[in-house]
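Undergrad: So that we are looking at the same thing, I have put the structure below in structure tokens.
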Amino acid sequence: MRKVQFYGATSLDGYLATTNHDLQWLLDTEGGESANSDRFFNQIDSTIMGRKTYDITKEMMNGELFFPDKTNYVLSRTRQGTKKDAIYYQKSPVKLVHDLLQQPGGNIWIVGGGQIVADLLAENLIDEWWIQIAPVLLGAGIRLFPSGDYSTRLELVDVTRYDQLGELHLRKK
């Protein structure tokens with residue numbers, strides 16, 4: 127059975143990126159290169175992300191294809207159609223996840239956070255979490271967990287250290 131999984135990094139104060147979507151604070155944190163990324167990526171076949179996350183990631187990748195061996199869904203109210211490495215999706219992330227869970231395949235990676243995470247949490251749709259925490263305080267930025275109606279308790283599966291990154295592996299109870 128497919129699982130819906132979040133995988134990503136935050137600052138100690140819970141931000142995914144600065145207010146202008148900068149991730150340099152994460153790139154400057156030692157340990158990211160030794161995280162279990164490959165093991166995680168090998169067990170997913172689909173990604174879901176917002177348009178801003180997609181655009182920023184593509185910019186950081188200098189235009190390279192975003193996980194060309196995966197089906198990448200980009201949530202957007204304004205863009206439509208398909209690119210070489212993305213399918214634009216205009217409906218809710220909840221509907222997309224429900225539709226994908228009805229199909230056979232690998233696990234589904236929720237890339238980025240914010241409103242997508244809040245919407246999926248409100249419907250109890252995220253099965254597992256891998257959150258790397260960097261020892262940096264940003265003070266402001268884009269939160270992983272914005273305010274929302276999603277009170278939930280998780281089970282701590284494991285804690286791993288990758289130099290200056292601490293990774294929490296959690297799953298819903």
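Heads up, the sequence shown is in the working numbering, so the first residue is 127 and it goes up one at a time. The beta carbon of each residue, even a glycine, is placed where N, CA and C say it ideally should be.
Between E293 and W256, which are expected to be in contact by the criterion C-beta below 8 Å, what is the C-beta distance as a whole number of angstroms?
TA: The residue labelled residue 293 in the question sits at position 167 within the sequence shown. The residue labelled residue 256 in the question sits at position 130 within the sequence shown. That belief holds up - the Cβ atoms of E293 and W256 are roughly 6 Å apart, short of 8 Å.
Undergrad: List the residues that DSSP assigns as beta-bridge partners of T173.
TA: Within the sequence shown, numbered from 1, the residue matching residue 173 stands at position 47. DSSP output for T173 lists N198, W235 as bridge partner(s).
Undergrad: Considering only C-alpha positions, which residue in the set S277, P272, R297 is nearest to D284?
TA: By 1-based counting over the sequence shown, the position of residue 284 is 158. Measuring from the Cα of D284, the nearest candidate turns out to be R297.
Undergrad: Can you give the Cα-Cα distance for E254 and V243, rounded to whole angstroms?
TA: Walking along the sequence shown from the start, residue 254 turns up at place 128. Walking along the sequence shown from the start, residue 243 turns up at place 117. Taking the straight line joining both Cα atoms gives about 12 Å.
Undergrad: CB L142 to CB I259, shorter than 9 Å?
TA: One-based indexing of the sequence shown puts residue 142 at position 16. One-based indexing of the sequence shown puts residue 259 at position 133. Taking 9 Å as the Cβ cut-off, L142 and I259 do not qualify as a contacting pair.
Undergrad: Considering only the beta carbon of each residue, do E190 and K196 sit closer than 9 Å?
TA: Locating residue 190 in the sequence shown gives position 64, counting from the first residue. Locating residue 196 in the sequence shown gives position 70, counting from the first residue. No, these two residues do not count as a Cβ contact at 9 Å.
Undergrad: If I follow the unbroken alpha helix (DSSP H) through A248, where does it start and stop?
TA: Counting from 1 along the sequence shown, the entry for residue 248 is found at position 122. Residues 241-248.
Undergrad: Give the DSSP-derived three-state secondary structure of V220 in the structure shown.
TA: Against the sequence shown, residue 220 aligns to sequence position 94. Three-state DSSP puts V220 in a helix.
Undergrad: Starting from S137, trace the beta strand (DSSP E) in both directions and tell me its first and last residue.
TA: The count along the sequence shown starts at 1 and reaches residue 137 at position 11. Residues 130-137.
Undergrad: Evaluate contact between the stretch 191-211 and the stretch 262-278, counting only Cβ atoms and requiring at least three cross-stretch pairs below 8 Å.
TA: Short answer: they don't touch.
Undergrad: What did DSSP end up calling G158 once you bin it into helix, strand or coil?
TA: Position 32 of the sequence shown holds residue 158. If DSSP states are grouped into helix, strand and coil, G158 belongs with the helices.
Undergrad: Going by the beta-carbon positions, is the gap between T173 and F192 smaller than 9 Å?
TA: For the purposes of this step, residue 173 is taken as residue 47 along the sequence shown, with counting starting at 1. For the purposes of this step, residue 192 is taken as residue 66 along the sequence shown, with counting starting at 1. It is a contact, given that the beta carbons lie within the stated cut-off.
Undergrad: Could you check what DSSP says for Y276 in three-state terms: helix, strand or coil?
TA: Position 150 of the sequence shown, counted from the start, is the residue given in the question as residue 276. Correct three-state label for Y276: coil.
Undergrad: For L152, which of helix, strand or coil comes out of DSSP?
TA: Taking the sequence shown and counting its residues from 1, the one referred to as residue 152 is at position 26. In this structure, L152 counts as helix in the three-state DSSP scheme.
Undergrad: Could you work out which residue in K221, V200, L226, D225 is closest to Y215 when comparing CA atoms only?
TA: Taking the sequence shown and counting its residues from 1, the one referred to as residue 215 is at position 89. Cα-wise, what sits closest to Y215 is V200.
Undergrad: Quick one: measure Cβ to Cβ for S135 and L152, integer angstroms, because I've assumed they're closer than 8 Å.
TA: Along the sequence shown, read from residue 1 onward, the residue named residue 135 stands at position 9. Along the sequence shown, read from residue 1 onward, the residue named residue 152 stands at position 26. What sits at residue 135 in the sequence shown is Ala, not Ser. Sure, about 5 Å apart at Cβ, within 8 Å.
Undergrad: So if DSSP puts I252 in a beta bridge, which residue, or which two residues, is it bridged to?
TA: For the purposes of this step, residue 252 is identified with residue 126 of the sequence shown, where counting begins at 1. Bridge partners of I252: none, in fact.
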